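What follows is a set of notes on a single structure, which appears directly below.
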Amino acid sequence: MPELPEVEVVRRGLEQHVLGRHIRDVDLRGHRVARRHPGGASDLADRVRDTQIQSIQRRGKYLWFVLSDGRSGDPSAGGEMGALVVHLGMSGQFRVCEHGMPEPRHTHAVLTFDDGGPSLVFADQRTFGGFAFSELGAHGIPALIAHIAPDPFDPAYDQRGVVRRLVTRNSAIKRGLLDQGLVSGIGNIYADEALWRARVHGERMASTLSKAVLGRILDQAREVMGEALAQGGTSFDALYVNVNGESGYFDLRLRAYGQEGRPCERCGTPIRREHFMNRSSFFCPRCQPPPRSSKAAST
DNA sequence: CTTTTCTCCTGTATGC
DNA sequence: TGCATACAGGAGAAAA
2 MPELPEVEVV RRGLEQHVLG RHIRDVDLRG HRVARRHPGG ASDLADRVRD
52 TQIQSIQRRG KYLWFVLSDG RSGDPSAGGE MGALVVHLGM SGQFRVCEHG
102 MPEPRHTHAV LTFDDGGPSL VFADQRTFGG FAFSELGAHG IPALIAHIAP
152 DPFDPAYDQR GVVRRLVTRN SAIKRGLLDQ GLVSGIGNIY ADEALWRARV
202 HGERMASTLS KAVLGRILDQ AREVMGEALA QGGTSFDALY VNVNGESGYF
252 DLRLRAYGQE GRPCERCGTP IRREHFMNRS SFFCPRCQPP PRSSKAAST
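Numbering (my numbering), first residue to last: 2 to 300.
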């Protein structure tokens with residue numbers, strides 16, 4: 002499941018392969034890939050066709066291609082700029098495809114270029130990912146995702162502000178970590194890793210934690226994602242690959258996520274799994290004592 | 001307004 | 001072997 006580090010790896014790969022290229026056309030297969038675009042697939046294609054990729058940006062788990070009018074050549078010459086906004090969802094992949102290569106399964110979009118070089122394919126098995134076109138708003142952020150908060154690596158990230166909002170929140174800390182409107186980029190895996198590192202159970206109410214502890218949890222989130230990024234992302238399963246289709250060449254050691262039954266690296270207590278927010282949460286019951294209200298507290 | 005639950009989707013693994 | 005079920009879960013809509 003691509004979270005911030007994995008999306009950043011994809012962004013860098015895209016920078017290497019499609020930055021500066023002129024998009025000749027985009028072939029959208031089916032309606033789902035453009036379901037977040039207000040005008041639908043045909044309008045999206047109209048806006049992306051014949052543009053040039055000026056840059057590739059990311060905030061949290063979203064990435065976007067900044068596009069300028071392909072005919073003007075010079076973006077400063079007045080070509081209106083907009084962005085092709087992409088979310089990979091759970092299984093979205095970008096693949097650079099040379100001519101003659103078999104098309105990947107579950108291909109939902111194909112970008113072709115004026116230079117006649119390799120095309121860019123978006124494939125997505127579970128179809129939670131998608132494309133949308135958006136005007137650029139304040140600070141160069143697409144208007145469509147203006148509600149997404151800065152991620153921990155963004156210069157605009159204000160951790161003290163995040164902590165201030167967390168302490169007034171009547172909700173479990175893990176919900177806060179997963180709230181992309183509060184701090185972006187953290188998904189289920191890195192949330193569990195950050196909580197394990199900070200020795201806090203995810204079902205603890207955020208308002209019952211001190212600002213120092215909340216700050217520590219956020220520090221750990223940034224740290225674990227930074228480590229994953231330094232390794233080139235974390236390969237959770239075969240659904241995550243880079244733009245060349247390579248997978249599993251890096252391996253951040255996960256200490257909590259997916260480690261049910263294995264001894265905690267700190268204290269040896271078997272890692273537990275509980276259901277929380279319609280997903281799995283992994284934690285050490287000794288290092289991360291559950292709150293009394295939690296069902297996990299009973300055993 | 002705040003917070004929680006539901007829904008979208010398909011390949012893989014597991015149980016009977 | 002075949003069929004049913006659980007699971008993976010991001011994000012926005014809908015509900016509470």
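Ideal placement from N, C-alpha and C gives every residue a C-beta, glycine not left out. Bear in mind the structure is a predicted one, so any value in this text is a computation, not a measurement.
| Check | Outcome |
| --- | --- |
| Outcome for His38 when other beta-carbon atoms lying within 10 angstroms are tallied against a minimum of 16 | buried |
| Identity of the residues DSSP links to Tyr63 by a beta bridge | Arg60, His88 |
| Terminal residues of the beta strand (DSSP E) in which Ser135 lies | 131-136 |
| Residues that Gln53 bridges to, as DSSP identifies them | His23, Ser69 |
| Spatial distance of Val97 from Met206 (CA atoms) | 44 angstroms |
| DSSP state of Ser120 mapped onto helix, strand, coil | strand |
| As assigned by DSSP and simplified to three states, the class of Gln160 | helix |
| Straight-line Cα distance separating Trp197 from Leu319 | Absent from the structure is residue 319, since the part of the chain shown begins at 2 and ends at 300. |
| His109 classed as buried or exposed, judged by whether at least 16 other C-beta atoms fall within 10 angstroms | buried |
| Beta-carbon proximity check, Leu183 vs Arg166, cutoff 8 angstroms | yes |
| Neighbourhood of Ser281 by C-beta distance below 6 angstroms, restricted to the same chain and skipping five residues each side | Arg274 |
| Simplified DSSP assignment, three categories, for Asp238 | Confidence is the limiting factor: at Asp238 the pLDDT is only 47, short of 50, which leaves the residue's position unreliable, though a coordinate-based value still follows. Coil at Asp238, not helix or strand. |
| Under the three-state DSSP convention, the category Gln181 falls into | coil |
| Length of the line joining the Cα atoms of Val214 and Pro286 | 18 angstroms |
| Range covered by the alpha helix (DSSP H) that runs through Gln221 | 212-231 |
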